[in-house]
Amino acid sequence: MAGMRGKQTVRDMVLSMAVIGAVVAVIYLFLPHDDTDRTKPVDYRIELVTAQRAAPYPVMAPEGLPQGWKPTSVRYDRDAGAAWHLGFLDPDREYVAIEQSTQAYGKYVPKVTLKAENTGRTQLVNGVAWERWAGKKYDALVLRDKGVTTVVTGTAPLARLTEMAEALKGGSTIPSTAPSWPTAGTAAPRS
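Here it is, written out as structure tokens:
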């Protein structure tokens, strides 16, 4: 009799687990699931205008990026070497950032690229040679020009970094609409 009672206990436990599993499965199937992207785009126009007025260099921002690019972060810090940051997710959800500063090149670039290193190679962007940097976390394109360093960096592949660098305009380039891309009717850049 004791053996029979042990078998019933195991059988009852298995049946109870099956019923609980079925209830959980039904609840899961009928609850709404939101698979949409929860990353909220930022409107960086005000920060861009502020940085362009305050920075001692032409602040860069993209103009005319194709559909799918999403601005996610923006910051200007006058006290940190007039540092400008504008972050995006590319259409493949890889991170791309524009970083500019008057900080010392040798310290600034490794900091914003998370310790990437100069490969010694260059990438032509709109006819200008940018340094190629590679790292474990981020790769980058780097341009040194008249007291300012511009870095396009992130987890995105070189083609996407180049696409962002090609879209950069300096001066008074203010997107007419943000974060909806592509933009139309942006102001002409100052030279």
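full-length UniProt numbering puts the first residue of the sequence shown at 1, with every later residue one more than the last.
All C-beta atoms, glycine included, are put in the ideal place defined by N, C-alpha and C.
Item	Value
Give me the Cα-Cα distance between G64 and L158, rounded to the nearest whole angstrom.	19 Å
On a Cα-Cα basis, can you pick out the residue from Y57, V148, G127 and E99 that is closest to Y138?	E99
Tell me the rounded alpha-carbon separation between A25 and T72.	36 Å
In its own chain, which residues sit with a C-beta less than 7 Å from the C-beta of N118, not counting the 5 before and 5 after it?	E131 and W133
For D90, count the other beta carbons within 10 Å of its own beta carbon; 16 or more makes it buried, fewer makes it exposed. Which is it?	buried
Runs of 3 residues minimum, wholly inside the stretch 74 to 151: which ones carry the beta strand (DSSP E) assignment?	83 to 89, 95 to 101, 117 to 125, 128 to 134 and 139 to 145
How far does the alpha helix (DSSP H) with A51 in it reach, from first residue to last?	R45 to A54
Can you give me the Cβ contacts of V19 inside the same chain, cut-off strictly under 6 Å, excluding the 5 residues immediately before and after it?	none
Would residue 193 be called buried (16 or more neighbouring beta carbons within 10 Å of its own) or exposed?	Since the displayed the chain opens at 1 and closes at 191, residue 193 lies outside it and no answer follows.
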